[in-house]
Amino acid sequence: MSAARGTRDKHGAPGGVDLAARGRARRRALQALYAWQVSGTPIDGVIEQFRHEQDMEVADLDYFEDLLKGVARHVEELDAGLTPFLDRSVAQVDPIERGVLRLAAYELRFRADVPYRVVLNEAIEVTKRFGADHGHSYVNGVLDRLAAQWRAPEYGIARG
Numbered sequence: 349m350s351a352a353r354g355t356r357d358k359h360g361a362p363g364g365v366d367l368a369a370r371g372r373a374r375r376r377a378l379q380a381l382y383a384w385q386v387s388g389t390p391i392d393g394v395i396e397q398f399r400h401e402q403d404m405e406v407a408d409l410d411y412f413e414d415l416l417k418g419v420a421r422h423v424e425e426l427d428a429g430l431t432p433f434l435d436r437s438v439a440q441v442d443p444i445e446r447g448v449l450r451l452a453a454y455e456l457r458f459r460a461d462v463p464y465r466v467v468l469n470e471a472i473e474v475t476k477r478f479g480a481d482h483g484h485s486y487v488n489g490v491l492d493r494l495a496a497q498w499r500a501p502e503y504g505i506a507r508g
């Protein structure tokens, strides 16, 4: 049976996806994206650095790489989508929250296989871990409005 027809792995994830490894991939991707934003190093260099310097064997490496390359490739589109829901320019958003917003925006826009609620929950959790004290509230507000726009049918069904 295919993932589209409802198979689940031992963790309850569709299509054999290891949700814990994906969560670790998101956390590592945020750290790598932060390094990319601050250093200006090309994304392939950052990926290579993280592959060698970080404890990556417990993360979903393919997902990690997809997130980073996807954000780098679509950063202008992602920032343009986020801008109407920000109270300041993207450049003025704290680098951690900016990284979380970009990662989540990428998942909302280009990873329809990930439910929007999962995207928001993961973004909130990673912001609580790495961001400012109340950064998760800001991230939640921005992403909830973005999800209503970019995932309107799914958002509408979930909201009843």
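Start counting the sequence shown at 349; every next residue gets the next number (our numbering).
Glycine included, every Cβ here is placed at the ideal spot set by N, Cα and C.
How would you write the range of the alpha helix (DSSP H) that residue i sits in, first residue to last?
i: Asp427; result: Leu409 to Leu430
i: Val466; result: Tyr464 to Phe478
i: Arg493; result: Gly483 to Trp498
i: Phe433; result: Neither: Phe433 is in no alpha helix (DSSP H) and is coded neither H nor E.
i: Gly447; result: Pro443 to Phe458
i: Gly371; result: Leu367 to Ser387
Which one of the options has the shortest CA to CA distance from residue i?
i: Asp481; options: Arg376, Gly364 and Asp442; result: Asp442
i: Val467; options: Gly447, Ala495, Ile444 and Tyr486; result: Ala495
i: Trp498; options: Glu470, Val474, Ala460 and Arg477; result: Ala460
i: His478; options: Leu367, Val365 and Ala380; result: According to the sequence as given, residue 478 is Phe; it is not His. Closest by alpha carbon: Ala380.
i: Ala373; options: Ala420, Arg421 and Ala407; result: Ala407
Taking the alpha-carbon positions, what's the residue i to residue j distance?
i: Gln440; j: Ala369; result: 31 Å
i: Lys417; j: Arg399; result: 14 Å
i: Val394; j: Arg446; result: 17 Å
i: Tyr382; j: Phe412; result: 14 Å
i: Glu405; j: Arg376; result: 11 Å
i: Phe392; j: Ala471; result: Residue identity differs from the one stated: residue 392 is Asp in this sequence, not Phe. Going from the Cα of Asp392 to the Cα of Ala471 covers about 23 Å.
i: Tyr503; j: Tyr464; result: 7 Å
i: Arg421; j: Asp492; result: 23 Å
Rounded to whole angstroms, how far is the Cβ of residue i from the Cβ of residue j, which I believe are closer than 8 Å?
i: Leu426; j: Val490; result: Incorrect: roughly 12 Å between the Cβ atoms, too far for contact.
i: Ala453; j: Gly429; result: 6 Å
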